[in-house]
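> My structure is below; once you've seen it, I'll send some questions.
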Amino acid sequence: MTHRVTVLGSTGSIGKSTLDVVSRHSGQYQVFALTASTNVEQMLQQVLEHQPVYAVMVDENAANKLKSRLPAEVNTEVLCGTDALSMVAEHDSVDMVMAAIVGAAGLLPSLAAANAGKRVLLANKESLVMAGPLFMQAIREGGAELLPIDSEHNAIFQAMPADYNGSFDDHGIRRILLTASGGPFRTSDMDTLRSVTPAQAVAHPNWSMGQKISVDSATLMNKGLELIEACFLFNCVPDQVQVVVHPESVIHSMVQYKDGSVLAQLGQPDMRTPIAYGMAWPNRIDAGVAELDVFDIAQLNFEAPDEQRFPALNLAREAFLAGGTMPAVLNAANEIAVTAFLSEQIAFLDIPRLVAEVMSNHRPEDITSLDAVLVADQWARDRAAELVGQYCSHSTLSKSE
Ligand code: NAD
Ligand code: MG
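Letter by letter, the sequence shown follows residues 23 to 423 in this note's numbering.
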């Protein structure tokens with residue numbers, strides 16, 4: 023049987039890895055739709071190779087350019103706009119949806135796939151952080167299957183009992199050990215952190231990823247978002263999730279049981295492993311990933327995260343505990359802060375500082391509807407943008423002093 027796949031965010035790091043796995047199993051998987059924001063060149067190559075039914079470019083100019091470049095014999099229909107993202111995610115012909123758009127922009131199409139009862143391969147952690155309760159409800163009520171693609175959550179999923187019912191107690195689970203590489207600044211002191219550049223921040227020691235998640239890994243906000251992600255996915259609280267810095271990124275996370283057992287999943291730092299796992303589950307297929315040679319690794323190290331130098335982790339913990347709209351506010355403020363850092367408007371250490379300030383101005387509301395999430399998201403973006411302006415003018419002042 024051929025599974026028809028929509029890849030949301032196909033031109034990104036996860037999108038490209040997904041298409042690589044699909045290409046290795048073309049009899050089993052067929053691309054139904056590809057979507058991207060603006061990258062026409064990359065999309066053109068992907069459309070020519072995979073000949074999907076639809077190609078969506080969110081940007082209208084990009085869609086027009088793509089149309090004009092497609093040879094007449096290619097039957098792919100080019101669409102534009104955000105509604106088209108949801109249309110190709112919930113389409114009757116689709117079996118599975120790779121949710122690999124970066125940031126809050128992924129929320130609506132990921133939800134559409136959940137509501138339509140698809141197998142949702144969730145890389146876009148931000149959508150779960152923003153709207154966890156709504157998202158999990160949509161999965162349940164839509165009759166969808168949720169397969170975590172984030173490598174840590176995929177590892178946890180693999181180490182959890184196959185019939186996990188959402189209760190640690192019922193299955194004798196003590197805690198989740200969520201591993202973190204520690205990022206490029208694991209051993210840097212505060213003085214160094216004050217002046218790191220975007221180029222240094224996106225140079226991750228073990229993983230090759232998109233810019234936003236690379237900066238998140240450097241601040242450890244990525245681990246904060248993943249802590250919230252784990253709480254929603256596995257129905258637990260931050261106290262049941264211990265973050266463990268493991269610089270080799272060989273163990274992708276672990277589950278500790280009451281009898282003393284600890285189950286871990288190991289592998290190369292290559293996202294094609296969790297992607298292939300999610301696509302083929304409960305079976306396994308070749309992902310094109312090199313075998314792990316344990317003699318080569320020889321040694322595995324573990325240390326506690328330094329929460330003084332990396333306060334983002336605790337901000338995420340606080341956001342989850344505050345509940346309601348607070349995780350959406352944390353996420354939105356972080357997205358604005360990361361963009362401002364990448365364009366050299368604010369400093370690296372301003373990222374958690376800005377997120378903390380936006381959170382301290384927010385009174386969380388219950389998430390009763392998607393609207394509540396979107397209103398909080400917009401409020402946090404506006405507030406964060408104001409703060410970027412203030413931080414910029416201060417740093418200009420101090421430079422001229
Ligand atoms: P990326 O920046 O490489 O790619 C992002 C994709 O989203 C691109 O195809 C882009 O065109 C599309 N996109 C960007 N903005 C958009 C918008 N406003 N509307 C519609 N589409 C838009 O990102 P990535 O590294 O592939 O990460 C994608 C998601 O997967 C993120 O949520 C990230 O946290 C998660 N993730 C990534 C990795 C990794 O190894 N890269 C690992 C775990 C989780
Ligand atoms: Mg991860």
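Backbone N, C-alpha and C define an ideal beta-carbon position, used for all residues, glycine too. No experiment lies behind these values; they were computed from the predicted model shown.
(1) By how many angstroms is the C-alpha of residue 200 removed from the C-alpha of residue 119?
(2) Can you say whether residue 428 is buried or exposed, counting buried as having 16 or more other CB atoms within 10 angstroms of its CB?
(3) What's the C-alpha gap between residue 222 and residue 268?
(4) Rounded to whole angstroms, what's the CA-CA distance from residue 415 to residue 228? Just pull it up for me.
(5) Could you have a look at residue 385 and say whether DSSP puts it in helix, strand or coil?
(6) At what residues does the beta strand (DSSP E) containing residue 54 begin and finish?
(7) For residue 229, is the beta carbon positioned less than 7 Å from some heavy atom of the ligand NAD?
(8) Under 8 Å between the Cβ atoms of residue 153 and residue 350?
(9) What residue from 40, 239, 410 and 204 has the CA that sits closest to residue 123's CA?
(10) Go ahead and label residue 423 buried or exposed: buried means 16 or more other beta carbons lie within 10 angstroms of its beta carbon, across all protein chains shown.
(11) Enumerate in chain order the residues of its own chain whose CB-to-CB distance from residue 29 is below 6 Å, with the five nearest sequence positions on each side excluded.
(12) Which of the three DSSP states, helix, strand or coil, is assigned to residue 77?
(13) Using a Cβ-Cβ cut-off of 7 Å (strictly less than) and excluding sequence neighbours within five positions of residue 172, which residues of its own chain qualify?
(14) Please report the residue range of the beta strand (DSSP E) in which residue 161 lies.
(15) Looking at C-alpha atoms only, which residue of 23, 103, 73 and 27 is the closest neighbour of residue 59?
(16) Exposed or buried, residue 385, counting other C-beta atoms within 10 Å across all chains shown (16 or more means buried)?
(17) Roughly how many angstroms lie between the CA atoms of residue 218 and residue 334, to the nearest whole one?
(18) Roughly how many angstroms lie between the CA atoms of residue 378 and residue 325, to the nearest whole one?
(19) Strictly by DSSP, which residues pair up with residue 285?
(20) Identify, in the order they occur along the chain, each residue of the same chain with its Cβ nearer than 8 Å to the Cβ of residue 418, setting aside the five sequence neighbours on each side.
(21) Excluding the five sequence neighbours on either side, which residues of its own chain have a C-beta within less than 7 Å of the C-beta of residue 290, listed in chain order?
(22) Check whether the region 130-139 and the region 231-240 are in contact - that is, three or more C-beta pairs closer than 8 Å.
(23) In the structure shown, what three-state DSSP assignment does residue 92 receive?
(24) Going by beta-carbon coordinates alone, are residue 254 and residue 109 separated by less than 8 Å?
(25) Per DSSP, which residues does residue 119 bridge with? Please list them.
(26) Starting from residue 344 and walking both ways along the beta strand (DSSP E), at which residues does that stretch end?
(27) Tell me whether the beta-carbon of residue 470 lies closer than 8 Å to the beta-carbon of residue 357.
(28) Identify the continuous beta strand (DSSP E) that holds residue 248 and give its terminal residues.
(29) Using 8 Å as the threshold, is the C-beta distance between residue 178 and residue 44 below it?
(30) How about residue 138 and residue 112: are their beta carbons less than 8 Å apart?
(31) Based on DSSP bridge pairs, tell me the residues matched to residue 102.
(32) Hey, would you say the C-beta of residue 33 is under 7 Å away from at least one heavy atom of the ligand NAD?
(33) How about residue 74 and residue 100: do their beta carbons lie closer than 8 Å?
(34) What's the call for residue 184, buried or exposed, on a 16-neighbour Cβ count within 10 Å?
(35) Once you ignore the five residues that flank residue 89 on each side, which residues in its own chain have a CB closer than 6 Å to its CB?
(36) Which residues in the same chain have their Cβ closer than 7 Å to the Cβ of residue 34, if we skip the five residues on either side of it in sequence?
Let me spell this out:
(1) Approximately 25 Å between the Cα atoms of the pair.
(2) Not covered by the structure: residue 428. The range shown for the chain is 23 to 423.
(3) For residue 222 and residue 268, the distance between alpha carbons rounds to 20 Å.
(4) Using only the alpha carbons, I get a separation of about 36 Å.
(5) The three-state reading of DSSP puts residue 385 in coil, since its state is none of H, G, I, E or B.
(6) It spans 51-58 - the beta strand (DSSP E) in which residue 54 sits, taken as one unbroken run.
(7) Because some heavy atom of the ligand NAD lies under 7 Å away, the Cβ of residue 229 counts as near it: yes.
(8) With contacts defined as CB atoms closer than 8 Å, residue 153 and residue 350 qualify as a contacting pair.
(9) Relative to the Cα of residue 123, the nearest Cα in the group 40, 239, 410 and 204 belongs to 40.
(10) Because residue 423 carries a pLDDT of 37, less than 50, the predicted location of this residue cannot be relied on, and no value is offered for it.
(11) Here the set comprises 37, 40, 56 and 120.
(12) The answer is strand: DSSP assigns residue 77 an E or B state.
(13) Excluding sequence neighbours, residue 172 sits near 145, 147, 248 and 251.
(14) Careful: residue 161 lies outside any beta strand (DSSP E), inside the alpha helix (DSSP H) at 147-164.
(15) Of the candidates 23, 103, 73 and 27, the one whose C-alpha sits nearest the C-alpha of residue 59 is 103.
(16) Exposed, because fewer than 16 other Cβ atoms sit within 10 Å of the Cβ of residue 385.
(17) A straight line joining the alpha-carbon of residue 218 with that of residue 334 spans about 17 Å.
(18) Cα to Cα, residue 378 sits roughly 25 Å from residue 325.
(19) 277, per the DSSP bridge assignment.
(20) Reliability of the predicted coordinates at residue 418 is poor, the pLDDT of 49 falling under 50, and the value obtained from them is presented with this limitation in mind. Close CB contacts of residue 418 within its chain, under the 8 Å cut and outside five residues either way in sequence, are absent.
(21) So the list reads 311, 312 and 314, once near-sequence residues are dropped.
(22) No contact exists between the region 130-139 and the region 231-240.
(23) Looking at residue 92 - three-state DSSP - the assignment turns out to be coil, as it is neither helix nor strand.
(24) Not closer than 8 Å, so no.
(25) Bridge partners of residue 119: 28 and 142.
(26) Premise fails: residue 344 lies in the alpha helix (DSSP H), 334-344, not in any beta strand (DSSP E).
(27) There is simply no residue 470 to check, as the chain begins at 23 and stops at 423 in what is shown.
(28) Segment 243-256 is the alpha helix (DSSP H) holding residue 248; no beta strand (DSSP E) there.
(29) By the CB criterion at 8 Å, residue 178 and residue 44 fall outside the cutoff.
(30) Their beta carbons are under 8 Å apart, which means residue 138 touches residue 112 by this criterion.
(31) According to DSSP, residue 102 bridges with 79.
(32) Residue 33 Cβ: within cutoff of the ligand NAD.
(33) For residue 74 and residue 100, no; Cβs fall outside 8 Å.
(34) Residue 184 is exposed by the Cβ-count criterion.
(35) Same-chain partners within the cutoff: 100.
(36) Excluding sequence neighbours, residue 34 sits near 122, 124 and 232.
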